[in-house]
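Numbering (the numbering used here), first residue to last: 992 to 1260. The block underneath contains the structure these notes are about, expressed in C-alpha cells.
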Amino acid sequence: MSDSTFCLVLRLAGPLQSWGGRGQLNRRDTLDEPTKSGILGLLAAAQGLRRQDSIETLLGLSLGVRTDQPGSLLRDYHTVSDYRGRPLPSAAVNAKGVQKPTSPPKYTHVTQRFYLQDAVFVAAVNGPTDLLRTLVDALRSPAFPLALGRRSCPPTQPLLLTPDETHRVDRDALWPGQPLDVLHRVPWQASDSHRASRSHRKTMPATVDLPVTVDDDHGDDIRIDVPASFDPLHRGFNTRRVRQEWVRLAAGDPENSQPDHDPFALLGW
C-alpha cells in the first residue's frame, strides 16, 4: 500500500458535544456533525500545539465522518450582568482602547449555547503514515485536555478505535484504506438504547444505514470549516468540498455496542 492509504479512527462520543459553525457572541449553535476545525483542534491539543503554533502539517489530512448516533439538541440559557450593578460594556472602544458602556445602559445580556446530547460519531483521518503514527501516540498520551468542540465537552473512552487482528497492519493500529472504505468496516458504535430505538419490531434488523460525509475535491457540498490558524488574533476559515454517502453495517452484534451514559453510575445510584 502507498503512504496515504491508512487511517486513524476516532470515536467521538460524550455526554455533550458542540461543533460550532458561524455564530454570534450571544448565540453559539452546534452543527449536527463534527467540523474539520474541531477535529484538527483535538489532534493539535493532543500533540501539545499551542494556539499560536503552525498547524500546517495537519491541514493536509483528509477526513470522513460517520454519524452512528445523532443525539438530541440541548439549549443552555444564560444571563450575564455586572455584579457591581454597572451597565455592561459595548463592543465599541474609546481612543484608549477601553470598551465603552452600552448606551442606553444595558444591565442584563442574554446568551444561548447549543449542544448535542449523547451523540456518537466515528471519524476516519487519512494522511501520511508517519504523521498518523505521531498522532496515535499523542492521542494515547495527550499533552493538553481533549474536547469535543468546546472545552466543557470531554470525550468518553475509547477515543481511539483500533482494528481487530484480521485488519491490524502494524503496532500503531492504523486501519488500511481510505476514509470511506474504513468507515464501511468500523463496527456500529451506538449505545444499546439507541440500537433498540432503531428497531420497530421485536428483533433488531440485520443491517443499519448510516450517513457519512467525506472530503472530496469534486464534491457537491462546501463546508467553511478548515482553520487557517487557531491563533485568536488571526482566526479564519477556508473552504473544503465534501460529498454525502451512506454505509450499510451489521446491526445486531452486542459486543460492538457502547453502554448508555449514566452520570450517577460512579456514585452507585
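Glycine included, each C-beta is placed from N, C-alpha and C at the ideal position.
Where residue i sits in the DSSP three-state scheme
{"i": "Thr996", "result": "coil"}
{"i": "Arg1018", "result": "strand"}
{"i": "Gly1227", "result": "strand"}
{"i": "Val1199", "result": "strand"}
{"i": "Ala1256", "result": "helix"}
{"i": "Ser1188", "result": "helix"}
Buried versus exposed, by CB contacts within 10 Å (16 or more), residue i
{"i": "Glu1047", "result": "exposed"}
{"i": "Ala1242", "result": "buried"}
{"i": "Asn1017", "result": "exposed"}
{"i": "Val1296", "result": "This structure cannot settle anything about residue 1296, because the visible part of the chain is limited to 992 through 1260."}
{"i": "Asp1044", "result": "exposed"}
{"i": "Val1056", "result": "buried"}
{"i": "Trp1166", "result": "buried"}
{"i": "Lys1027", "result": "buried"}
CA-to-CA distance, residue j to residue i, given in whole angstroms
{"i": "Asp1216", "j": "Gln1008", "result": "16 Å"}
{"i": "Gln1180", "j": "Ala1187", "result": "13 Å"}
{"i": "Asp1067", "j": "Gly1140", "result": "15 Å"}
{"i": "Asp1155", "j": "Phe1105", "result": "36 Å"}
{"i": "Gln1038", "j": "Lys1097", "result": "43 Å"}
{"i": "Ala1086", "j": "Val1071", "result": "26 Å"}
{"i": "Arg1239", "j": "Leu1224", "result": "43 Å"}
Nearest neighbour of residue i, chosen from the options [CA to CA]
{"i": "Pro1136", "options": "Ala1086, Gly1032, Val1177, Ser1072", "result": "Gly1032"}
{"i": "Asp1059", "options": "Val1199, Thr1147, Pro1078, Leu1130", "result": "Val1199"}
{"i": "His1185", "options": "Thr1120, Asp1207, Val1111", "result": "Val1111"}
{"i": "Leu1122", "options": "Phe1221, Ala1256, Gly1259, Leu999", "result": "Leu999"}
{"i": "Pro1133", "options": "Cys1144, Phe997, Pro1006, Leu1150", "result": "Leu1150"}
{"i": "Thr996", "options": "His1175, Val1127, Asn1117", "result": "Asn1117"}
{"i": "Val1101", "options": "His1069, Thr1120, Val1113", "result": "His1069"}
Residue-chain proximity (residue i, chain B), Cβ-Cβ < 8 Å
{"i": "Tyr1106", "result": "The structure shown contains no chain B; it holds only a single protein chain."}
Runs of alpha helix (DSSP H) lying entirely within the segment 1033-1119, each at least 4 residues, in chain order: 1047-1050
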